[in-house]
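Below is one structure, written out as structure tokens; the observations come after it.
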Ligand code: PEP
Ligand code: MG
């Protein structure tokens with residue numbers, strides 16, 4: 001037996017490429033070879049075992065060789081370590097004078113990554129201008145005519161924007177335009193403006209004063225849905241004023257490509273992304289779920305939110321770097337950092353193209369573990385896009401789109417026709433239909449809601465469906481009748497109590513018997529912590545779980561998911577959320593059931609290795625993210641992800657989890 005104690009001087013320690021080279025060399029010898037570090041002793045021919053030692057730079061390991069060719073083996077390993085195990089240690093020592101990645105992040109502002117990609121460019125600081133104009137009254141006829149013409153023109157512009165973006169943005173996101181058109185034709189609002197004109201105010205003054213009053217009224221209401229309408233009103237206040245006065249405003253996006261810095265963005269600001277050369281978006285406020293984030297992702301524009309006031313206050317260079325993968329902005333990059341970021345931008349573009357080319361292939365890790373990557377959809381048009389982007393199926397059909405903006409609920413036949421068309425469009429791929437998830441903050445005119453102080457803790461999801469049983473039964477009948485056109489599963493949202501599950505399941509079974517259709521898989525969403533605590537009970541009964549991390553995070557951390565100031569708390573990589581995902585997966589797998597993730601977390605590049613490592617069977621994500629998510633999974637090693645998941649479960653904060661994953665990704669990038 002021969003032994004050797006030796007220091008590992010590679011900058012990543014015994015990780016990444018050096019570890020892989022070490023193992024490959026060890027495998028060439030017949031002798032048994034072991035590496036000892038601390039209290040652990042592992043087989044040197046197993047990469048994963050070697051990685052578990054976590055040998056850091058300049059730490060000393062002990063190598064033991066025993067058996068045939070032990071001398072040669074030890075000498076070869078010693079030489080390989082001294083030669084750098086594939087790293088040029090000399091060159092690395094020199095370049096260590098400027099550790100690029102660390103410098104980039106230390107010099108930068110860290111926020112929340114809301115849309116992936118890396119970009120370099122000039123900054124355009126967007127400050128919303130609040131127009132305040134005083135115009136003298138002419139005559140009733142002239143003012144009325146001016147108002148009518150301006151409103152018509154703005155309606156027309158909105159319609160044109162909508163048409164121009166139809167192929168770039170999902171139908172669901174185009175609904176912003178409908179909301180604006182609706183407000184502009186709101187009779188009450190128009191009557192109030194006309195009344196002011198008749199009282200002798202100019203159209204400009206009347207429009208401002210009525211809109212300002214409405215904005216004041218609605219701002220005082222503590223309801224997230226209404227808050228969104230306030231943003232729309234602001235938006236329309238400015239658009240119509242500009243139209244009436246011919247002012248273009250000082251905030252037109254420039255024609256050259258820019259990175260937009262702003263406090264926050266209104267819906268129409270975000271729409272301007274699609275019509276201008278926007279390289280990236282950095283916001284003081286914002287969140288992963290607001291309009292600008294949704295549109296940035298849909299248009300493939302890297303974006304970072306929650307960067308705090310420093311974003312607009314700190315000094316910055318002519319060119320800045322924005323990293324929407326890790327969520328930071330470097331305001332004063334060095335030339336070396338700019339060069340490196342330019343290279344990363346090019347790599348990112350190539351990666352996106354390759355990912356799209358391979359989109360149809362399955363997402364299998366390098367060691368053969370497959371994860372389904374499905375689409376979250378909310379309209380019939382989404383089906384086609386999901387298929388084009390390589391979705392293995394639909395992991396979440398948000399059926400709310402069939403119910404909102406209507407005075408009466410959709411009939412069974414209307415719903416049947418849509419579900420049928422979707423199943424046919426999916427051509428054999430499975431559709432997971434989530435039954436109506438409405439309530440509290442998302443009212444429907446045909447449902448009798450009471451005023452709730454905490455709508456997110458009120459009559460939502462399955463609670464509401466069980467109260468409005470006829471609407472629920474109609475939806476289930478339509479869905480079950482449509483099943484003959486393809487493969488469908490049904491799931492119930494917001495289940496937090498066993499009796500809710502039991503009642504919903506019983507109703508479904510009654511309808512199945514009544515319609516004489518064959519049974520289909522039935523599951524529930526895991527988005528209420530009580531369902532996680534009782535996951536062992538639920539797992540016996542369901543066919544699958546789908547974890548809604550958006551709601552699970554809000555309920556776990558007690559932070560309203562639409563809160564304007566608390567967006568930075570809402571990180572699904574919080575260990576408290578991850579531990580719940582782990583429990584859900586482990587209980588489901590004990591009973592042979594599968595688990596999907598259908599919240600935003602599933603498309604977060606930092607979360608993906610952790611979720612894969614936790615054993616999640618399916619990631620259901622926004623459509624544009626599908627090729628990239630698949631591509632990322634194909635580069636992962638399942639064993640290594642499992643070890644990573646074990647490590648991050650021990651972290652104390654979401655920040656710690658993110659830092660640990662980024663460190664792991666850097667170490668592993670050279671292996672992969
Ligand atoms: C979730 O809560 O994560 C989810 C997917 O449901 P929704 O976002 O529609 O509430
Ligand atoms: Mg939810």
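Numbering (the numbering used here), first residue to last: 1 to 672.
Glycine included, C-beta positions come from ideal geometry on N, C-alpha and C.
For clarity, every value in this text was computed on a predicted model and none was experimentally measured.
Residue 544 burial status per 10 Å Cβ neighbour count (16 or more: buried) = buried
Go through the stretch 352-425 residue by residue and report every complete run of the alpha helix (DSSP H) that reaches 4 residues or more, in order.
-> 380-388
What residue ranges within the stretch 556-615 form continuous alpha helix (DSSP H) runs of no fewer than 4 residues, ordered along the chain?
-> 575-590, 608-613
Does the Cβ of residue 97 have 16 or more other Cβ atoms within 10 Å, making it buried, or fewer, making it exposed?
-> Residue placement at residue 97 is flagged as unreliable, the pLDDT there being 35, under the threshold of 50; a coordinate-derived value is accordingly withheld.
Start and end of the alpha helix (DSSP H) containing residue 209?
-> 203-219
Can at least three beta-carbon pairs, one atom from the stretch 407-418 and one from the stretch 468-487, be found at a separation below 8 angstroms?
-> yes
Contact the stretch 555-572 vs the stretch 633-651: 3+ CB pairs below 8 angstroms = no
Could you say if the stretch 73-83 and the stretch 285-302 meet the contact criterion of at least three C-beta pairs nearer than 8 angstroms?
-> no
Please state if the CB of residue 235 and the CB of residue 266 are separated by a distance shorter than 8 angstroms.
-> yes
Give every residue whose Cβ lies closer than 5 angstroms to any heavy atom of ligand 2, listed in chain order.
-> 527, 548, 551
C-beta atoms of residue 326 and residue 662 nearer than 8 angstroms | yes
Selection from 203, 231, 205 that minimises the alpha carbon distance to residue 216 = 231
Might you give, ordered along the chain, the residues of its own chain that have their beta carbon closer than 6 angstroms to the beta carbon of residue 94, omitting 5 neighbours on each side?
-> Reliability fails at residue 94, whose pLDDT of 44 lies under 50, so the model's placement of it is uncertain and the value that follows must be treated cautiously. Around residue 94: no qualifying Cβ.
Which one or two residues does DSSP pair with residue 618 in a beta bridge?
-> 372, 596
What do you get for residue 60, buried or exposed, if any count of 16 or more other CB atoms within 10 angstroms of its CB means buried?
-> exposed
Identify whether residue 660 lies in helix, strand or coil by the three-state DSSP scheme.
-> helix
Please list the segments of the alpha helix (DSSP H) lying wholly inside the stretch 448-527, counting only runs of 4 or more residues, in order along the chain.
-> 461-467, 469-482, 498-515
By Cβ distance, which residues of its chain are closer than 7 angstroms to residue 496, with the 5 residues on each side in sequence left out?
-> 528, 530, 531
Could you say which of 174, 175, 208, 316 lies nearest to residue 190 if we only look at CA atoms?
-> 208
From the DSSP output, in three-state form, read off residue 244 for me.
-> helix
Closest Cα partner of residue 68 within the set 122, 7, 2, 22 | 2
Residues of its chain near residue 483, where Cβ-Cβ distance is below 7 angstroms and the 5 sequence neighbours each way are ignored | 517, 520
If you run the structure through DSSP and keep just helix, strand and coil, what is residue 668?
-> helix
Within this structure, are the beta carbons of residue 626 and residue 391 separated by less than 8 angstroms?
-> yes
C-beta contact flag for residue 539 and residue 504 at 8 angstroms = no
Cα-Cα separation between residue 99 and residue 259, rounded to whole angstroms = Because residue 99 carries a pLDDT of 30, less than 50, the predicted location of this residue cannot be relied on, and the following value inherits that uncertainty. Cα-Cα distance, rounded: 25 angstroms.
Where residue 545 falls: helix, strand or coil (DSSP) | strand
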